[in-house]
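**Q** Number 101 in full-length UniProt numbering belongs to position 101 of the sequence shown; there are no gaps in the numbering.
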Amino acid sequence: MTNQDRILLSSPHMSGNEQKYIREAFDSNWIAPLGPNVTNFELELAQYTNKKGASLTSSGTAAIHLALACLGVEKGDSVFCSSFTFIASANPALYLGAELTFIDSEPSSWNMSPQALERALFDASKENKLPKAIIVVNLYGQSADMDTLLNIADLFGVPIIEDAAESLGAEYKNKKSGSLGKIGIYSFNGNKIITTSGGGAIVSDDEELLDKALFLATQAKDAAPYYQHSIVGYNYRMSNVLAGIGRAQLQVLDDRVEKRRAIFQNYYKELNTIEEVHFMPELKQSKSNRWLTTLIIDPFMTKVTPFEFVDRMNQANIETRLLWKPLHLQPLFKHNKFYKHNERTPAVSELLFAMGICIPSGSNLTEENQFRVIEEVKKILAPVDRVKVSLNKIQVGQV
Ligand SMILES: *Cc1c(COP(=O)(O)O)cnc(C)c1O
Numbered sequence: 001m002t003n004q005d006r007i008l009l010s011s012p013h014m015s016g017n018e019q020k021y022i023r024e025a026f027d028s029n030w031i032a033p034l035g036p037n038v039t040n041f042e043l044e045l046a047q048y049t050n051k052k053g054a055s056l057t058s059s060g061t062a063a064i065h066l067a068l069a070c071l072g073v074e075k076g077d078s079v080f081c082s083s084f085t086f087i088a089s090a091n092p093a094l095y096l097g098a099e100l101t102f103i104d105s106e107p108s109s110w111n112m113s114p115q116a117l118e119r120a121l122f123d124a125s126k127e128n129k130l131p132k133a134i135i136v137v138n139l140y141g142q143s144a145d146m147d148t149l150l151n152i153a154d155l156f157g158v159p160i161i162e163d164a165a166e167s168l169g170a171e172y173k174n175k176k177s178g179s180l181g182k183i184g185i186y187s188f189n190g191n192k193i194i195t196t197s198g199g200g201a202i203v204s205d206d207e208e209l210l211d212k213a214l215f216l217a218t219q220a221k222d223a224a225p226y227y228q229h230s231i232v233g234y235n236y237r238m239s240n241v242l243a244g245i246g247r248a249q250l251q252v253l254d255d256r257v258e259k260r261r262a263i264f265q266n267y268y269k270e271l272n273t274i275e276e277v278h279f280m281p282e283l284k285q286s287k288s289n290r291w292l293t294t295l296i297i298d299p300f301m302t303k304v305t306p307f308e309f310v311d312r313m314n315q316a317n318i319e320t321r322l323l324w325k326p327l328h329l330q331p332l333f334k335h336n337k338f339y340k341h342n343e344r345t346p347a348v349s350e351l352l353f354a355m356g357i358c359i360p361s362g363s364n365l366t367e368e369n370q371f372r373v374i375e376e377v378k379k380i381l382a383p384v385d386r387v388k389v390s391l392n393k394i395q396v397g398q399v
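(1) Would you tell me roughly how many angstroms separate the C-alpha atoms of residue 38 and residue 243, rounded to the nearest one?
(2) Using a threshold of 7 angstroms, is the CB atom of residue 178 nearer than that to any non-hydrogen atom of ligand 2?
(3) So the candidates are 140, 223, 254; which of them puts its Cα closest to the Cα of residue 293?
(4) Where are the alpha helix (DSSP H) runs, 4 residues long or more, that stay fully inside the region 65-149, in chain order?
(5) Beta-carbon separation of residue 81 and residue 135 under 8 angstroms?
(6) Starting from the N-terminal end, write out each residue whose C-beta falls within a distance shorter than 7 angstroms of any non-hydrogen atom of ligand 1.
(7) Tell me the DSSP secondary structure of residue 53 in three-state form.
(8) DSSP beta-bridge partners for residue 378?
(9) Just the C-alpha distance for residue 183 and residue 172, rounded to the nearest angstrom, thanks.
(10) Taking 8 angstroms as the cut-off, decide whether the C-beta atoms of residue 199 and residue 59 are in contact.
(11) Go ahead and label residue 380 buried or exposed: buried means 16 or more other beta carbons lie within 10 angstroms of its beta carbon, across all protein chains shown.
(12) Rounded to whole angstroms, what's the CA-CA distance from residue 357 to residue 267? Just pull it up for me.
(13) What is the C-beta distance between residue 54 and residue 277, in whole angstroms, given that I count them as a contact (C-beta under 8 angstroms)?
(14) The beta strand (DSSP E) spanning residue 186 covers which residue range?
(15) Roughly how many angstroms lie between the CA atoms of residue 364 and residue 371, to the nearest whole one?
(16) Go through the region 229-254 residue by residue and report every complete run of the alpha helix (DSSP H) that reaches 4 residues or more, in order.
(17) Does DSSP put residue 5 in a helix, in a strand, or in coil?
(18) With H, G and I counted as helix, E and B as strand and the rest as coil, what does DSSP make of residue 28?
(19) So which of 319, 229, 279 has the shortest CA-CA distance to residue 373?
(20) Is it true that the CB of residue 170 sits closer than 8 angstroms to the CB of residue 128?
(21) What first and last residue would you give for the alpha helix (DSSP H) that runs through residue 212?
(22) Count the other CB atoms within 10 Å of the CB of residue 418; is the residue buried (16 or more) or exposed (fewer)?
(23) Just to confirm, is the Cβ distance from residue 256 to residue 193 under 8 angstroms?
(24) Which stretch, first to last residue, makes up the alpha helix (DSSP H) that contains residue 311?
(25) Could you check which residue in 145, 280, 117 has the C-alpha nearest to that of residue 265?
(26) Under the DSSP definition of a beta bridge, which residues are partnered with residue 420?
(27) In angstroms, rounded to a whole number, what distance separates the CA positions of residue 349 and residue 36?
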């Protein structure tokens, strides 16, 4: 360990206005559960994403749970989900007793492969067991190839839930990421691009569906003069205090996107010259929010493995992280079906996991600390020895 401050992957970045909305909640005693901050944050989020409505939840995971429940997912139903993602994308399907099938990534977006999805849907329709929903994840701030995925899903009449927990503020063909599917979900967890310390949201154009989400999120109370319940409900609403933080955060979201993109650009400029480094691509006609700068270390070019890389960065007091371990490789899902991008080649998600890492990308990362990261990466991947070796080669060549 060095005695320099630890550089984190992505930490909360307040705008300075949060206290104002929190104070309003306190002054009016709208502490819990709902109140004007919730109502306004929902309106503002719906406006930002250009959707008919939004509903705030206690977490992104809760939002996915509600989305699946609203689409009628029940025990024994099938749900498709991107394999290359964080476990929270898939856990809610298990809460409902559904069976998950995982879909591989494709190389241009690292997100759901349309050709794998098509094969999976085709097989499911032959067995007369089409999924009730497809969860498409927009990883590390990058939108999936939504038009292609939507066209395929529409052919089979299956709705898409966009897990945009990591991609709020990103765009796909000038539309906000998370606004293209039947339902979009966001997360305001502490390490996301904006945060309420913990929270989430669902957005949709289907107002009936949003009403249902609200009903389920508030214990599914029937319209009766007493507490009557006919179906199972949840306690999943965001508090008015936390929604106050969200309002102030949403006001600076676009700045945060530009900041993270600038950090990516700086890393790209400084590190893309290292032969074994390949950065996550940006899909055509899309704009990533570059939530986390992620890169691949080509194992044919260096002996440094991602594990070693993370370890050595840690010794320099810099937090880095391996890419998500694909869900189809998780012990929890060892019996689940998985569809590869290309049946004849290794799974794209497995290759990404084996070679990739995330480096610090918080919008509050100083330029000085960006260069500390850059220097450390260079020390690990392009050490002076190698420069010497190549100089020797030149000399030999000259002789
Ligand atoms: C963070 C995250 C979630 C879950 O959000 P929480 O608010 O932490 O419950 C879901 N999906 C992805 C891809 C995430 O990164």
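The beta-carbon is built from N, C-alpha and C at its ideal position, and this holds for glycine as well.
**A** If we stick to the structure as given:
(1) Looking up residue 38 in the sequence shown gives position 38. Looking up residue 243 in the sequence shown gives position 243. Residue 38 and residue 243: Cα-Cα distance of roughly 5 angstroms.
(2) Here the bound small molecules are ligand 1; ligand 2 is not part of this structure.
(3) Here residue 293 is taken as the residue at index 293 of the sequence shown, counted from 1. If you compare the alpha carbons of 140, 223, 254 with that of residue 293, the shortest gap goes to 140.
(4) Fully enclosed alpha helix (DSSP H) runs of 4 or longer: 91-95, 114-126.
(5) For the purposes of this step, residue 81 is taken as residue 81 along the sequence shown, with counting starting at 1. For the purposes of this step, residue 135 is taken as residue 135 along the sequence shown, with counting starting at 1. Yes. Within cutoff.
(6) After applying the 7 angstroms Cβ criterion, the set is 59, 60, 61, 62, 64, 85, 86, 88, 89, 137, 139, 163, 165, 166, 187, 188, 189, 192, 198, 199, 200.
(7) By 1-based counting over the sequence shown, the position of residue 53 is 53. In the three-state reduction of the DSSP assignment, residue 53 falls in the strand class.
(8) Locating residue 378 in the sequence shown gives position 378, where the first residue counts as 1. None; residue 378 has no bridge partner.
(9) Residue 183 sits at position 183 when you count from the first residue of the sequence shown. Residue 172 sits at position 172 when you count from the first residue of the sequence shown. Near 16 angstroms, if we compare the C-alpha coordinates of residue 172 and residue 183.
(10) The count along the sequence shown starts at 1 and reaches residue 199 at position 199. The count along the sequence shown starts at 1 and reaches residue 59 at position 59. Closer than 8 angstroms, so yes.
(11) Taking the sequence shown and counting its residues from 1, the one referred to as residue 380 is at position 380. Residue 380 is classed as buried because its beta carbon has at least 16 other beta carbons within 10 Å across all chains shown.
(12) As a first step, residue 357 is located in the sequence shown; it is residue number 357 there, counting from the start. As a first step, residue 267 is located in the sequence shown; it is residue number 267 there, counting from the start. Their backbone Cα atoms lie some 13 angstroms apart in a straight line.
(13) Looking up residue 54 in the sequence shown gives position 54. Looking up residue 277 in the sequence shown gives position 277. So it is not a contact: roughly 38 angstroms between Cβ atoms.
(14) Here residue 186 refers to the residue found at position 186 of the sequence shown. Looking at the DSSP string, the run of the beta strand (DSSP E) that includes residue 186 is 183-187.
(15) Here residue 364 corresponds to residue number 364 of the sequence shown, with the count starting at 1. Here residue 371 corresponds to residue number 371 of the sequence shown, with the count starting at 1. For residue 364 and residue 371, the distance between alpha carbons rounds to 14 angstroms.
(16) Runs of the alpha helix (DSSP H) inside the region 229-254: 240-251.
(17) Here residue 5 is taken as the residue at index 5 of the sequence shown, counted from 1. In the structure shown, residue 5 falls within a coil segment according to DSSP collapsed to helix, strand and coil.
(18) Locating residue 28 in the sequence shown gives position 28, where the first residue counts as 1. DSSP places residue 28 in coil when its eight states are reduced to three.
(19) Here residue 373 refers to the residue found at position 373 of the sequence shown. Sorting 319, 229, 279 by C-alpha distance to the C-alpha of residue 373 places 319 at the top.
(20) For the purposes of this step, residue 128 is taken as the residue at position 128 of the sequence shown. For the purposes of this step, residue 170 is taken as the residue at position 170 of the sequence shown. It is not a contact, given that the beta carbons lie outside the stated cut-off.
(21) Here residue 212 is taken as the residue at index 212 of the sequence shown, counted from 1. First-last of the alpha helix (DSSP H) with residue 212: 207-217.
(22) Nothing about residue 418 can be read from this structure; the chain reaches only from 1 to 399.
(23) Position 256 of the sequence shown, counted from the first residue, corresponds to residue 256. Position 193 of the sequence shown, counted from the first residue, corresponds to residue 193. Yes, the pair counts as a contact, with Cβ atoms nearer than the cut-off.
(24) The count along the sequence shown starts at 1 and reaches residue 311 at position 311. Segment 306-315, the alpha helix (DSSP H) holding residue 311.
(25) Locating residue 265 in the sequence shown gives position 265, where the first residue counts as 1. Comparing Cα positions, the closest option is 280.
(26) Only positions 1 to 399 of the chain appear in the structure, and residue 420 is not among them; the question remains open.
(27) For the purposes of this step, residue 349 is taken as residue 349 along the sequence shown, with counting starting at 1. For the purposes of this step, residue 36 is taken as residue 36 along the sequence shown, with counting starting at 1. Roughly 43 angstroms between the two C-alpha positions.
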